[in-house]
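Heads up, the thing below is written out as structure tokens.
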Amino acid sequence: MKSIKAFLIAILVIPALGLILFGPRSEFQLPDNRIVVVDYWEKWTGDEAMQMQQIVDEFNNTVGKEKNIYVRYVSASSITQKTLVATAAGVPPDIAGLWDRDMVQFASLDALEPMDEMAAAHGITSATYKPVYWKACTYEGKLYGLISTPADVALHYNKRAIRESAPALRAAGFDPDRLPETIDELDAWATILTKKDSNGRIQQAGYLPIEPGWYLAYTPLWFGGQIWDAKNEKFTLTDPKVVQAYQWIQSYSHRLGKEAMTGFKSGLGNFDSPQNAFLAGTVVMEQQGPWMANYIYNLKPGLSTVKWPREVEMTKPLAERRENYEWGAAAFPSAVPGLKDVTYAGFDILLIPRGAKYKKEAFEFIAYINRQDVMEKLCKLHCKNSPLANVSDDFLNNHPNPYINVFERLANSPNAHGVPQIPIFAEVMQELDTLTQSITQLRADPETGLAAAQVRLQAKYDQYMKRQRLRRATQR
Amino acid sequence: MMRTEQRNLLKGLAFISPWLIGFAVFTALPLGLSLYYSFCDYSLLQPPVYIGTANYQELWRDPDFWKTLGNTFYYASLALPLGMIMALGAAMLLNVKTRGTSIYRTIVFLPSLVPAVASAMVWLWLLNAKLGLINAFLIWVGVDNPPSWLEDVRWAMPALVLMSLWGVGNTVVIYLAGLQDVPRELYEAADLDGAGTMQKMMNVTLPVLSPVIFFNLIIAIIGTLQVFVGPSIMTGASGNPEKSTYFYTMHLYNHAFQFLHMGYASAMAWVQLLIVLVLTGVAFWTSKRWVHYQGK
Numbered sequence: 000m001k002s003i004k005a006f007l008i009a010i011l012v013i014p015a016l017g018l019i020l021f022g023p024r025s026e027f028q029l030p031d032n033r034i035v036v037v038d039y040w041e042k043w044t045g046d047e048a049m050q051m052q053q054i055v056d057e058f059n060n061t062v063g064k065e066k067n068i069y070v071r072y073v074s075a076s077s078i079t080q081k082t083l084v085a086t087a088a089g090v091p092p093d094i095a096g097l098w099d100r101d102m103v104q105f106a107s108l109d110a111l112e113p114m115d116e117m118a119a120a121h122g123i124t125s126a127t128y129k130p131v132y133w134k135a136c137t138y139e140g141k142l143y144g145l146i147s148t149p150a151d152v153a154l155h156y157n158k159r160a161i162r163e164s165a166p167a168l169r170a171a172g173f174d175p176d177r178l179p180e181t182i183d184e185l186d187a188w189a190t191i192l193t194k195k196d197s198n199g200r201i202q203q204a205g206y207l208p209i210e211p212g213w214y215l216a217y218t219p220l221w222f223g224g225q226i227w228d229a230k231n232e233k234f235t236l237t238d239p240k241v242v243q244a245y246q247w248i249q250s251y252s253h254r255l256g257k258e259a260m261t262g263f264k265s266g267l268g269n270f271d272s273p274q275n276a277f278l279a280g281t282v283v284m285e286q287q288g289p290w291m292a293n294y295i296y297n298l299k300p301g302l303s304t305v306k307w308p309r310e311v312e313m314t315k316p317l318a319e320r321r322e323n324y325e326w327g328a329a330a331f332p333s334a335v336p337g338l339k340d341v342t343y344a345g346f347d348i349l350l351i352p353r354g355a356k357y358k359k360e361a362f363e364f365i366a367y368i369n370r371q372d373v374m375e376k377l378c379k380l381h382c383k384n385s386p387l388a389n390v391s392d393d394f395l396n397n398h399p400n401p402y403i404n405v406f407e408r409l410a411n412s413p414n415a416h417g418v419p420q421i422p423i424f425a426e427v428m429q430e431l432d433t434l435t436q437s438i439t440q441l442r443a444d445p446e447t448g449l450a451a452a453q454v455r456l457q458a459k460y461d462q463y464m465k466r467q468r469l470r471r472a473t474q475r
Numbered sequence: 000m001m002r003t004e005q006r007n008l009l010k011g012l013a014f015i016s017p018w019l020i021g022f023a024v025f026t027a028l029p030l031g032l033s034l035y036y037s038f039c040d041y042s043l044l045q046p047p048v049y050i051g052t053a054n055y056q057e058l059w060r061d062p063d064f065w066k067t068l069g070n071t072f073y074y075a076s077l078a079l080p081l082g083m084i085m086a087l088g089a090a091m092l093l094n095v096k097t098r099g100t101s102i103y104r105t106i107v108f109l110p111s112l113v114p115a116v117a118s119a120m121v122w123l124w125l126l127n128a129k130l131g132l133i134n135a136f137l138i139w140v141g142v143d144n145p146p147s148w149l150e151d152v153r154w155a156m157p158a159l160v161l162m163s164l165w166g167v168g169n170t171v172v173i174y175l176a177g178l179q180d181v182p183r184e185l186y187e188a189a190d191l192d193g194a195g196t197m198q199k200m201m202n203v204t205l206p207v208l209s210p211v212i213f214f215n216l217i218i219a220i221i222g223t224l225q226v227f228v229g230p231s232i233m234t235g236a237s238g239n240p241e242k243s244t245y246f247y248t249m250h251l252y253n254h255a256f257q258f259l260h261m262g263y264a265s266a267m268a269w270v271q272l273l274i275v276l277v278l279t280g281v282a283f284w285t286s287k288r289w290v291h292y293q294g295k
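Going line by line, the protein sequences match chains A and B.
Every letter in the first sequence is one number past the one before it in numbering that gives the first Met the number 0, and letter 183, counting from 1, is 182.
Every letter in the second sequence is one number past the one before it in numbering that gives the first Met the number 0, and letter 239, counting from 1, is 238.
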């Protein structure tokens, strides 16, 4: 009996000891002379993650080495939820690379460290950034984050499809070399560029608001409207300009036929694949950000190497470089006469969650990213525009996106708008997404639907703010 | 208690202590805390503030609460009986002694080994309105206008039910084990009485199998009321199109981790628990009439 007992204990204890003594060890080893390890969690995966790793490595080998800081970079999916849980548990990363919409939600719940003093100490002020981005990084008068990479939205068009329909465009009184500047012109172009088969099935769509459909909630911007009045803390979904924007979205379902449009949309390939609707040429014009150039080059290089391979193209002047592309980018048309260069300017943001261990050191890295040379390098790698006010000629001339000056101009425009600063923005997006689906399926009238959404969202916001004020009053 | 008994008790407790500690820390404590949070305004990022029954009152007024509850019951009302019937039917077929039985059994069980995410991705393609194999087949058999499945409010839910039937392998295995436990002599007695195949199934197989059916029913009630992974991947966090596949658990998750209303989500979780308890209770209550345990 005793020997069985000893045997049982041995088979439990020996493997346990073995694991402790010889088991797996963390791969991470702190380099010599480093005192502080800054944990940085970032949402990117694939190429973008590797490109950021390159920047992190450069920091660790230069500034980090001088200041005894080592940045430990972790690329993670579902980054918002992971940061949320870690912050709630009191063990957040020192830097969290989140989405633009997350900042206000976290800041309104006192879950972020303000950066004003640290930024000022590093000489980073409102003058450092383009106004739209600085405004979006500031909430209730405090700076809560700085940008890692930004983007803005422009009209992307397929040159081949436009060339093929040039006679029809000319017959309708348009110059195929001058892109639509108003929504009416866009609609007319879209009609001409749309091709259907004998059964009425769409083979090629000139324009389709729901493809890719990522920026539908921002459509009112191009109609001169906004969904949120920050000053009065009121939703403005019943504003005639907002209603007009949603009516325009719905007009495509009337024009193309709801069933034909749904059928066409469901047959489109995945975004990150050569079957992407824009890459495959099945959608001629769409809203996209500057990074689309990277996707096009990686997934369908033929569209970006019409005349020369990339290395030859980069030796040529910018105007000539554009001849190498079967696609182009321009400001998205506006519905309001005189309202030009309208865009939604989004971004990825670096935040310091409340309870972070090494705030000062974390900011050293954030400040490093915001150095003009480093920011331009990262933005070139990610194929994005720069959030900084100053941009070098090298950035504009040698950027992998030959239309980068379009995106720079849009980001500098007074008509560029960031994400609305609403603490319950996630709920707003869900409400508007569902409404848009009902509108495009002709199951809801835009005016009625927006009025109902206005009531629901305002009630949610008012309740949220009431509870937050009560909480703050109790804490005082 | 004698010293030996005391020592044995201590030893016993020591042996089950990993489970006891695990249960206390990872189940009982969160359960208790979630009950408390359900009466609080709690975002995870700020300390909870007691607000009485406000979350429960808000639930009553939340149209999405009713919408998701309705969707979940709709799904359960289709997926549960269809899943049970299909699993039982498959098990009965696989119980027939024929050549290659073990291969057929493996084939039926295989889909339940596929991770939920992978199977959702496969079904996304199968159900693609334009390029999917299902519509290709429907067109081939002469259906002119096959449904757009996940893009169509009317067909999105049936599409998810269809997908759920693919993973009945686990239930089939349990039925199969139950079927093999049916005493041969009962069939022999039925044969002597002149019973046909249908009569044998109704009067021998199903009554003997009833405890297994009951077990599967309880598991299916709990499972269908908690459906989450497949729809989240296939139709998005808001249950597209137009929230037609927006389930209760998805709404709960969104409130907890997207909208940061953990107190509200906790209230939803307790309501869900109550619903499951009531339905399970009803199932137990009716079981007296139709579940027959051997030896009783």
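Glycine included, C-beta positions come from ideal geometry on N, C-alpha and C.
Whole-angstrom C-beta distance between residue j and residue i, which should lie under 8 Å
i        : j        : result
Tyr143/A : Ala106/A : 5 Å
Glu180/A : Pro332/A : 5 Å
Ala135/A : Asp99/A  : 6 Å
Tyr357/A : Ile421/A : Not really, about 31 Å apart at Cβ, beyond 8 Å.
His155/A : Trp326/A : 6 Å
Val228/B : Ala119/B : 7 Å
Gln104/A : Ala425/A : 7 Å
Leu278/A : Ile295/A : 6 Å
Test item: CB-CB of residue i and residue j under 7 Å
i        : j        : result
Ser231/B : Ala155/B : no
Asp151/A : Ala330/A : no
Ala189/B : Lys199/B : yes
Leu350/A : Leu111/A : yes
Ser209/B : Val290/B : yes
Tyr263/B : Thr67/B  : no
Asp63/B  : His250/B : yes
Tyr110/B : Gly166/B : The sequence shown places Pro at residue 110/B, rather than the Tyr named in the question. Result yes, Cβ atoms of Pro110/B and Gly166/B sit closer than 7 Å.
Phe234/A : Leu449/A : no
Pro261/A : Ser147/B : For the record, residue 261/A in the displayed sequence is Thr; it is not Pro. For Thr261/A and Ser147/B, yes; Cβs fall inside 7 Å.
Met85/B  : Leu164/B : yes
Per DSSP, cross-strand counterpart(s) of residue i
i        : result
Val311/A : Looking at the DSSP assignment, Val311/A forms no beta bridge with any residue, so it has no partner.
Trp227/A : Phe234/A
Tyr69/A  : Val36/A
Met284/A : Tyr156/A and Tyr206/A
Asp40/B  : Val48/B
Ile94/A  : Tyr39/A
Gly266/A : Paired residues: none, contrary to the question.
Gly82/B  : Bridge partners of Gly82/B: none, in fact.
Trp326/A : Asn157/A
Buried/exposed call for residue i, threshold 16 Cβ in 10 Å
i        : result
Asn219/A : Checking the sequence shown, residue 219/A turns out to be Pro, not Asn. Pro219/A should be labelled buried.
Arg320/A : buried
Ile68/A  : buried
Leu267/A : buried
His398/A : buried
Ser76/B  : exposed
Gln257/B : buried
Val171/B : buried
Phe406/A : buried
His92/A  : The question names His, but residue 92/A in the sequence shown is Pro. Buried is the call here.
Asn384/A : buried
Pro289/A : buried
Met267/B : buried
Ala118/A : buried
Lys264/A : buried
Val70/A  : buried
May I have a chain-ordered list of the beta strand (DSSP E) segments no shorter than 3 residues that lie completely inside the segment 127-157 of chain A? 144-151 and 153-157
Just to confirm the assignment: which complete alpha helix (DSSP H) runs, minimum length 4, are found wholly within the segment 163-225 of chain A? 165-170 and 182-192
Quick one: complete beta strand (DSSP E) runs, 3+ long, within the segment 340-384 of chain A? 342-350
Quick check on the DSSP output: what are the complete alpha helix (DSSP H) runs of length 4 or more inside the segment 211-293 of chain B, in order along the chain? If we require 4 residues or more, the alpha helix (DSSP H) runs fully inside the segment 211-293 of chain B come out as 228-234, 247-252 and 261-289.
If you scan the segment 170-202 of chain B from start to end, which runs of the alpha helix (DSSP H) of 4 or more residues do you find wholly inside it? If we require 4 residues or more, the alpha helix (DSSP H) runs fully inside the segment 170-202 of chain B come out as 183-191 and 196-199.
Taking only runs that begin and end inside the segment 238-262 of chain A, name each unbroken alpha helix (DSSP H) of 4 or more residues, in chain order. If we require 4 residues or more, the alpha helix (DSSP H) runs fully inside the segment 238-262 of chain A come out as 239-255.
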